[in-house]
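Protein chains in written order, with my numbering: chain A, 1 to 339; chain B, 340 to 678.
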């Protein structure tokens, strides 16, 4: 039985890009459980762009990550000890255990822990296509973009955990799905493995007008829906190709997380094209999660929803993997494998 | 019986602000009516910011105003001759007669002409509070902003034909209504005559942060809905005070009509505040007009919806009045009185 727990706390707030010095590795003893608590051994830790926003002090939609506290993060793992009647050792669970090897969880705290079935779906998928990123894709596409058959849907960060699901769900609805990703490898994966109709490598293109031209070529009927994961020049280029009554779901603006806001060049297009631009945070739509997770899980089990993972090994690798994620060095869902 | 018709045609397309030279006054004979046509003598011509957009050649949501054709525009008047069974001389009508004293109208052309009741509502109101501007206010407020009792609703160009109605309808729904207008006279009118809770004189304020501070003072609980008539720095200032789940109805961006687009400084606020920003054009929602016009007409007849008009006299005054409108020189609905 393990008695020690390695974890990362936020040591200092980054200005601009985070560095390894912003995190501190600690080794602490595992406490004894109280009644109602379970001890979870984490198999995988999820790394996600939203964590960068939480590292800032300023007002945001969520409380900032406290200094000297365990870094926030989604986790999957196995119950190794339980003093709660709902759980027994061996149960596979998903939760928000944070950047650490073990977590002590109050089992009845709403949303803290959920049992998962790993017989048809790999456990790591519950942090990706059948987890928060998958539901994010599902919500933004179905509830904001509301695609109709034959429409053209564009998604940025298309090889990422969210973007890949957006395009595949759009294809399943009879839409043309066009991705934007950074690099030939990622674009090839998006088209060949995920089944998008096209993917634009923005790293080969210099500036808004070059991206806009590439979009025009890949979207001959214009753009009806855009799932925004990055912000900045790509958003401007999409807007230049937006159709009347098009919809933009704003899910992430990773390009602005590290520094100054990036302006939107031509907001009057929202008016002239009668567009809807709407931001959302998937954790505020919990009533829809069961429906979304059921659909996503079924698709993964049947093999009609594909995904790719970048797996870093060991808790010690978390900061570097996270810094790489913000630079787009991951390829698919970024995980840290802890066992 | 008149035999001649004075009219303005678009002589050339403006670059930047329009000038009197962009318009040409013509005097032409009135043609004889064909079967199914009516001759309408215009009492009032409506001048509206959207006309500036139509004067450009570029792609927009509507066909550009053709060169050498009569300038587009809403009109109210009286049927003076009819060869259509639906109309008789003396009928008061609203239509899109354009910048001219008389119009020959094919009575059965959908949307071309509509009879109006001037017994309880002044005829000119059908170009303002009980016309396109009023329905614009009604649609943007009710169908995009969807205000709830107790919320704070802000509207720019608050003393204008659209803005004044937005605030009064918001007040009727139990909201706090805050206007933004240019000049002490306009602001005083907005609060004293139209019943807004506050009005900010943006001309006394220099730059986004000054406007944002004034909004913060006038909107102590933040901004839940914003009806956008102007664009530019005012939009940025509003976004700095926007609440979570706030809604912006984009109706006009007059500040960008004459020149280069004005960027939106901080689009990431749409995400962090989970906002909805939506553009609309009221002419695309015709099925809702009867409901809106009935409510607006009833409020004007009862005196619970107030408005103010700037009236220029004579067809010859139309270009100058229009140029002044784009500069905010009007005070309330800008009309040209033709009789």
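Cβ atoms here follow ideal geometry from the backbone N, Cα and C, with glycine treated the same way.
Can the beta-carbon of residue i be found closer than 8 Å to that of residue j?
{"i": "residue 558/B", "j": "residue 493/B", "result": "yes"}
{"i": "residue 47/A", "j": "residue 288/A", "result": "no"}
{"i": "residue 426/B", "j": "residue 442/B", "result": "no"}
{"i": "residue 497/B", "j": "residue 503/B", "result": "yes"}
{"i": "residue 440/B", "j": "residue 677/B", "result": "yes"}
{"i": "residue 84/A", "j": "residue 38/A", "result": "yes"}
{"i": "residue 342/A", "j": "residue 215/A", "result": "A question about residue 342/A goes unanswered here, because the residues of chain A that appear run from 1 up to 339."}
{"i": "residue 436/B", "j": "residue 379/B", "result": "yes"}
{"i": "residue 415/B", "j": "residue 382/B", "result": "yes"}
{"i": "residue 293/A", "j": "residue 130/A", "result": "yes"}
{"i": "residue 223/A", "j": "residue 242/A", "result": "yes"}
{"i": "residue 278/A", "j": "residue 615/B", "result": "yes"}
{"i": "residue 169/A", "j": "residue 138/A", "result": "yes"}
{"i": "residue 146/A", "j": "residue 174/A", "result": "no"}
{"i": "residue 227/A", "j": "residue 613/B", "result": "no"}
{"i": "residue 177/A", "j": "residue 201/A", "result": "no"}
{"i": "residue 261/A", "j": "residue 579/B", "result": "no"}
{"i": "residue 71/A", "j": "residue 9/A", "result": "yes"}
{"i": "residue 483/B", "j": "residue 401/B", "result": "no"}
{"i": "residue 413/B", "j": "residue 471/B", "result": "yes"}
{"i": "residue 194/A", "j": "residue 306/A", "result": "yes"}
{"i": "residue 55/A", "j": "residue 18/A", "result": "yes"}
{"i": "residue 464/B", "j": "residue 650/B", "result": "no"}
{"i": "residue 603/B", "j": "residue 264/A", "result": "yes"}
{"i": "residue 490/B", "j": "residue 564/B", "result": "yes"}
Mapping DSSP to helix, strand and coil, what is residue i?
{"i": "residue 49/A", "result": "coil"}
{"i": "residue 518/B", "result": "strand"}
{"i": "residue 646/B", "result": "coil"}
{"i": "residue 498/B", "result": "coil"}
{"i": "residue 141/A", "result": "helix"}
{"i": "residue 349/B", "result": "strand"}
{"i": "residue 451/B", "result": "coil"}
{"i": "residue 396/B", "result": "coil"}
{"i": "residue 636/B", "result": "helix"}
{"i": "residue 229/A", "result": "coil"}
{"i": "residue 623/B", "result": "helix"}
{"i": "residue 415/B", "result": "strand"}
{"i": "residue 26/A", "result": "strand"}
{"i": "residue 585/B", "result": "strand"}
{"i": "residue 335/A", "result": "strand"}
{"i": "residue 354/B", "result": "coil"}
{"i": "residue 88/A", "result": "coil"}
{"i": "residue 651/B", "result": "strand"}
{"i": "residue 262/A", "result": "coil"}
{"i": "residue 575/B", "result": "helix"}
{"i": "residue 617/B", "result": "strand"}
{"i": "residue 135/A", "result": "helix"}
{"i": "residue 563/B", "result": "strand"}
{"i": "residue 553/B", "result": "helix"}
{"i": "residue 704/B", "result": "The question about residue 704/B has no answer, for chain B in this structure spans 340 to 678."}
{"i": "residue 184/A", "result": "helix"}
{"i": "residue 4/A", "result": "strand"}
May I ask you to list the residues that DSSP assigns as paired with residue i?
{"i": "residue 43/A", "result": "DSSP lists no partner for residue 43/A."}
{"i": "residue 199/A", "result": "179/A"}
{"i": "residue 31/A", "result": "Its beta-bridge partners do not exist; DSSP assigns none."}
{"i": "residue 441/B", "result": "380/B"}
{"i": "residue 118/A", "result": "DSSP lists no partner for residue 118/A."}
{"i": "residue 659/B", "result": "Answer is none; residue 659/B lacks a bridge partner."}
{"i": "residue 81/A", "result": "39/A"}
{"i": "residue 505/B", "result": "None, per the DSSP bridge assignment."}
{"i": "residue 152/A", "result": "176/A"}
{"i": "residue 432/B", "result": "416/B and 454/B"}
{"i": "residue 409/B", "result": "348/B"}
Taking residue i and residue j to be in contact with their CB atoms under 8 Å, please state how far apart those CB atoms are, rounded to whole angstroms.
{"i": "residue 179/A", "j": "residue 296/A", "result": "In fact, because the Cβ distance is near 19 Å, the residues do not count as touching under 8 Å."}
{"i": "residue 569/B", "j": "residue 591/B", "result": "7 Å"}
{"i": "residue 309/A", "j": "residue 332/A", "result": "5 Å"}
{"i": "residue 57/A", "j": "residue 13/A", "result": "6 Å"}
{"i": "residue 368/B", "j": "residue 342/B", "result": "6 Å"}
{"i": "residue 203/A", "j": "residue 232/A", "result": "The pair is not a contact, with the Cβ atoms about 14 Å apart (cut-off 8 Å)."}
{"i": "residue 444/B", "j": "residue 429/B", "result": "At roughly 16 Å, the Cβ-Cβ gap does not stay under 8 Å, so residue 444/B and residue 429/B are not in contact."}
{"i": "residue 495/B", "j": "residue 573/B", "result": "5 Å"}
Let me see if you follow: with CB-CB separation under 8 Å, is residue i close to chain C or not?
{"i": "residue 227/A", "result": "Judged by its chain identifiers, the structure shown contains no chain C, and its protein chains are A and B."}
| request: Determine, using beta-carbon pairs with one atom in the stretch 352–367 of chain B and one in the stretch 652–663 of chain B, whether at least three such pairs fall under 8 Å. | output: Three or more beta-carbon pairs separated by less than 8 Å link the stretch 352–367 of chain B to the stretch 652–663 of chain B, which places the two stretches in contact.
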